[in-house]
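K.L.:
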Amino acid sequence: MRIAILKERAAGESRVAATPETVKKFIGLGATVAVESSAGEGASISDEAYAEAGAETGELAKVVKDADIVLGIQAPDVVDLAGAKPGAWVAALFDPFNAKDRVEAYAKAGFEALSMEFMPRITRAQSMDVLSSQSNLAGYKAVIASADTYGRAFPMMMTAAGTVQAARVFVMGVGVAGLQAIATAKRLGAQVSATDVRSATKEQIQSLGAKPIFVESVEGIEGEGSGGYATEMSEEYQKAQAELVSEHIAKQDIVITTALIPGRAAPRLISDAQIASMKPGSVIFDLAVAAGGNVEGSRPDEVVERHGVKIIGFANTAGHLAADASALFSRNHFNFLSAFWDKEAGKPVLDEEIGDAVRLTQDGKVVNERLLS
C-alpha cells in the first residue's frame, strides 16, 4: 500500500496533507509513504523531517508512481496524478458542488475521489472531520486578525490616566468557528454577544460567557439543519433578524460573520446600510468571504473600508495557521483511513455509512447521491 503526499498547487495554499507524525503512523500500519519535495515548506516541515520519519521524498512523478492512495488538502488536478494506480483513492477537499468539472474528470480518469468535506457529522466520524478542525482554527484566527486591525485594546483597562472600555464583539453564526471566536474574544477580555438561527445554540453561547441575541417574535430552527449546518430561513425570519441585527450592530466594535450553507452562496447578513450604522474604526471579519461573503462589499484577502469601517476576510483562513492546520488535517486523514484499515488486506476498506457519504466517483462514474440529485 503506497500513500503519496503531493505539494499543494492551489493559489495561497500553505498547508500539507501529512506531517512526520502521521507518516510514522501510516508506516506503522504497514504502508509505504512518499512525499513530494518541499510539500511541507509552507507549514515549516522540511524534507529531512519527512525522511527521518521514514518517508520517501522526491519529485512529483516519482512520488505518484504506483500510488494506491493520494492525500491532499485541495484536490490535485488529474494531470498531476499520472502514474498512480488505476482506481487509486484521492482523499482531499473537492468543493464538489462548485467544481463539478473536476469531479467528472476524476470519474473519467478512473480515480476514486473521496471528498473530506462530505464526511458525515456523526459521533464516530468526529475525529475525521476536517471542516470542524479547520473551522476551529479559523474562528480563532478571525478574532486575532480583527484585534490586530482594530487598533485598540480588547480588555477593559483601568489606569491612572483613566479607563479603557472593553471592546464589544458580536459573532454571527455559532457553529464550530463561531464558538471558537466567542471563546477567543472572551479570553482576550472583550464583551461578547452572539446570534444564530438555531435556538439550540443559546445554551452554547451562554456556556462561554457571551450574551445570546435572538429573534423571539418569529420561530427559527429548533435543532440542527442537514449535516449540522443551518438551513435557509423564511422571509419573515430574515426580516426580523435583519431588524434585530441592525439595532445591535450599531453598538459593536467588531463583528465576525461565519454563516455558510453547503452547496450555495453564503447568505448575506450585513448590508451597506448596517455597515454605515457602525462607529468609524470598527472592524468586520467575514469568514465566509470565499463563498461569496456574508458582508456587502467584502473581498477575499483585501481590507475594504466603507463608512470608516474596515471589512476583512481571508480566502483560506486556516491556512494562515499552516503548521497547526496541517497537523490537525493530517490527523483527520489518518483517523479516517486507519479506522477502516484491514490488516489482512493491508489497506483500508470503507463501510457503507461513511464510504457512501464521502465517495464521489467510482468505476468511471460519479456515484455520490448529493451530486446526482
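Numbering (UniProt numbering), first residue to last: 1 to 373. Where is the CB? At the ideal position from N, CA and C, for every residue including glycine. Given the structure is predicted, the values throughout are model-derived calculations rather than measurements.
#1: Fully enclosed by the stretch 261-335, which alpha helix (DSSP H) runs are 4 residues long or longer?
#2: Looking at the unbroken alpha helix (DSSP H) that takes in L60, where does it start and where does it end?
#3: What does a CB cutoff of less than 6 Å around A55 pick up in its chain, not counting 5 residues either side in sequence?
#4: Taking C-alpha atoms, which residue in S298, V174, L350, G42 lies nearest to A259?
#5: E52 lies in the alpha helix (DSSP H); which residues open and close that run?
#6: Looking at A75: is its Cβ nearer than 8 Å to the Cβ of L60?
#7: Please go through the same chain and pick out, in chain order, the residues whose beta-carbon is closer than 7 Å to the beta-carbon of K7, but skip the five residues on each side of it.
#8: Report back the beta-carbon spacing between V70 and A84 to the nearest angstrom; my notes put them in contact at under 8 Å.
#9: So if DSSP puts P348 in a beta bridge, which residue, or which two residues, is it bridged to?
#10: Mind checking residue 417: buried by the 16 CB within 10 Å criterion, or exposed?
#11: According to DSSP, is I249 part of a helix, a strand, or is it coil?
#12: Quick check on the DSSP output: the beta strand (DSSP E) that includes Q191 runs from which residue to which?
#13: Would you list the residues sitting across from V70 in a DSSP beta bridge?
#14: Count the other C-beta atoms from every protein chain shown that fall within 10 angstroms of the C-beta of D342, then say buried if there are 16 or more, exposed otherwise.
#15: If distances are taken between C-alpha atoms only, which option among A357, F334, V349, T361 comes closest to G28?
#16: Does DSSP put L114 in a helix, a strand or coil?
#17: So, using beta-carbon positions, are A288 and A315 closer together than 8 Å?
#18: Please report how far the alpha carbon of H248 lies from the alpha carbon of D196, in whole angstroms.
#19: Is the CB-CB distance between A190 and V164 below 8 Å?
#20: Tell me the rounded alpha-carbon separation between R264 and A161.
#21: Note down the Cα distance separating E216 from S132, rounded to an integer number of angstroms.
#22: Quick one, which of V176, I213, V192 has its alpha-carbon nearest A167's?
#23: In terms of residues, what are the limits of the beta strand (DSSP E) holding G42?
#24: For the alpha helix (DSSP H) that T258 lies in, which residues bound it at each end?
#25: What span of residues does the beta strand (DSSP E) with F214 cover, start to end?
#26: For D253, does the count of other Cβ atoms within 10 angstroms reach 16, so buried, or fall short, so exposed?
#27: Leaving out five residues before and five after I205 in sequence, what residues of the same chain have Cβ atoms less than 7 Å from its Cβ?
#28: According to the Cβ coordinates, are V295 and T257 closer than 8 Å?
#29: Give me whichever residues DSSP pairs with F170 in a beta bridge.
#30: At the level of alpha carbons, what is the spacing between A107 and D272?
#31: Going by C-alpha to C-alpha distance, which of A99, L321, F111, A240 sits closest to D80?
#32: On the three-state DSSP scale, how would you describe Q362?
#33: Between A31, R331, I122, K279, which has its C-alpha nearest V130's C-alpha?
#34: Would you kindly check if the distance between the Cβ of D68 and the Cβ of M1 is under 8 Å?
#35: Helix or strand or just coil, what does DSSP make of M119?
#36: For A82, name the three-state secondary structure that DSSP assigns.
P.N.:
In short, the structure shows the following:
#1: As far as the stretch 261-335 is concerned, its whole alpha helix (DSSP H) runs of at least 4 residues are 272-276.
#2: In the sequence shown, residue 60 corresponds to position 60, counting from 1. That run of the alpha helix (DSSP H) goes 60-64.
#3: Mapped onto the sequence shown, residue 55 falls at position 55. Around A55: V23, V33, V35.
#4: As a first step, residue 259 is located in the sequence shown; it is residue number 259 there, counting from the start. Closest option to A259, judged by alpha-carbon separation, among S298, V174, L350, G42: V174.
#5: Here residue 52 refers to the residue found at position 52 of the sequence shown. It spans 47-53 - the alpha helix (DSSP H) in which E52 sits, taken as one unbroken run.
#6: Locating residue 75 in the sequence shown gives position 75, counting from the first residue. Locating residue 60 in the sequence shown gives position 60, counting from the first residue. For A75 and L60, no; Cβs fall outside 8 Å.
#7: By one-based count along the sequence shown, residue 7 stands at place 7. Cβ within range, chain order: E36, S38, A39.
#8: By one-based count along the sequence shown, residue 70 stands at place 70. By one-based count along the sequence shown, residue 84 stands at place 84. Cβ-Cβ separation between V70 and A84: approximately 6 Å, consistent with a contact (criterion under 8 Å).
#9: Taking the sequence shown and counting its residues from 1, one reaches residue 348 at position 348. As DSSP reads the structure, P348 sits in a beta bridge with W341.
#10: Any answer about residue 417 is impossible in this case: the structure gives the chain only from 1 up to 373.
#11: For the purposes of this step, residue 249 is identified with residue 249 of the sequence shown, where counting begins at 1. Here I249 sits in helix by DSSP.
#12: Start at 1 with the first residue of the sequence shown, and residue 191 comes out as number 191. Looking at the DSSP string, the run of the beta strand (DSSP E) that includes Q191 is 191-195.
#13: The residue given as residue 70 occupies position 70 in the sequence shown. DSSP output for V70 lists A4, V90 as bridge partner(s).
#14: In the sequence shown, counting from the first residue as 1, residue 342 sits at position 342. D342 should be labelled exposed.
#15: As a working mapping, residue 28 is identified with position 28 in the sequence shown. For the set A357, F334, V349, T361, the Cα lying nearest the Cα of G28 is the one of F334.
#16: Translated into the one-based positions of the sequence shown, residue 114 becomes position 114. Looking at L114 - three-state DSSP - the assignment turns out to be strand.
#17: Taking the sequence shown and counting its residues from 1, the one referred to as residue 288 is at position 288. Taking the sequence shown and counting its residues from 1, the one referred to as residue 315 is at position 315. Note that the C-beta distance between A288 and A315 is not below 8 Å.
#18: To locate residue 248, count along the sequence shown from 1; it is residue 248. To locate residue 196, count along the sequence shown from 1; it is residue 196. In a straight line, the C-alpha of H248 is about 14 Å away from that of D196.
#19: Mapped onto the sequence shown, residue 190 falls at position 190. Mapped onto the sequence shown, residue 164 falls at position 164. No Cβ-Cβ contact shorter than 8 Å links A190 with V164.
#20: As a working mapping, residue 264 is identified with position 264 in the sequence shown. As a working mapping, residue 161 is identified with position 161 in the sequence shown. In a straight line, the C-alpha of R264 is about 51 Å away from that of A161.
#21: The residue labelled residue 216 in the question sits at position 216 within the sequence shown. The residue labelled residue 132 in the question sits at position 132 within the sequence shown. Taking the straight line joining both Cα atoms gives about 29 Å.
#22: Here residue 167 corresponds to residue number 167 of the sequence shown, with the count starting at 1. When each option's Cα is compared against that of A167, the closest is V192.
#23: As a position in the sequence shown, residue 42 is number 42, starting the count at 1. According to the DSSP assignment, G42 belongs to no beta strand (DSSP E), since it is labelled neither H nor E.
#24: For the purposes of this step, residue 258 is taken as residue 258 along the sequence shown, with counting starting at 1. In the DSSP assignment, T258 falls outside any alpha helix (DSSP H), carrying neither H nor E.
#25: Position 214 of the sequence shown, counted from the first residue, corresponds to residue 214. For F214, there is no enclosing beta strand (DSSP E), as DSSP marks it with neither H nor E.
#26: Here residue 253 is taken as the residue at index 253 of the sequence shown, counted from 1. With 16 or more Cβ atoms within 10 Å of its Cβ, D253 is classed as buried.
#27: For this step, residue 205 is matched to residue 205 along the sequence shown. Around I205: V174, I182, A194, P212.
#28: Taking the sequence shown and counting its residues from 1, the one referred to as residue 295 is at position 295. Taking the sequence shown and counting its residues from 1, the one referred to as residue 257 is at position 257. In this structure, T257 lies closer than 8 Å to V295 by Cβ.
#29: Here residue 170 is taken as the residue at index 170 of the sequence shown, counted from 1. In the DSSP output, where bridge partners are listed per residue, F170 has S193, V255.
#30: Taking the first residue of the sequence shown as position 1, residue 107 is located at position 107. Taking the first residue of the sequence shown as position 1, residue 272 is located at position 272. So the alpha carbons of these two residues sit roughly 43 Å apart.
#31: By one-based count along the sequence shown, residue 80 stands at place 80. The shortest Cα separation from D80 among A99, L321, F111, A240 belongs to F111.
#32: Here the question's residue 362 lines up with position 362 in the sequence shown. Q362: strand per DSSP, three-state reduction.
#33: Position 130 of the sequence shown, counting from 1, holds the residue named residue 130. Ranking the options by Cα distance to V130, first place goes to R331.
#34: Within the sequence shown, numbered from 1, the residue matching residue 1 stands at position 1. Within the sequence shown, numbered from 1, the residue matching residue 68 stands at position 68. Taking 8 Å as the Cβ cut-off, M1 and D68 qualify as a contacting pair.
#35: As a first step, residue 119 is located in the sequence shown; it is residue number 119 there, counting from the start. For M119, the secondary structure class from DSSP, reduced to helix, strand or coil, is coil.
#36: In the sequence shown, counting from the first residue as 1, residue 82 sits at position 82. A82: coil per DSSP, three-state reduction.
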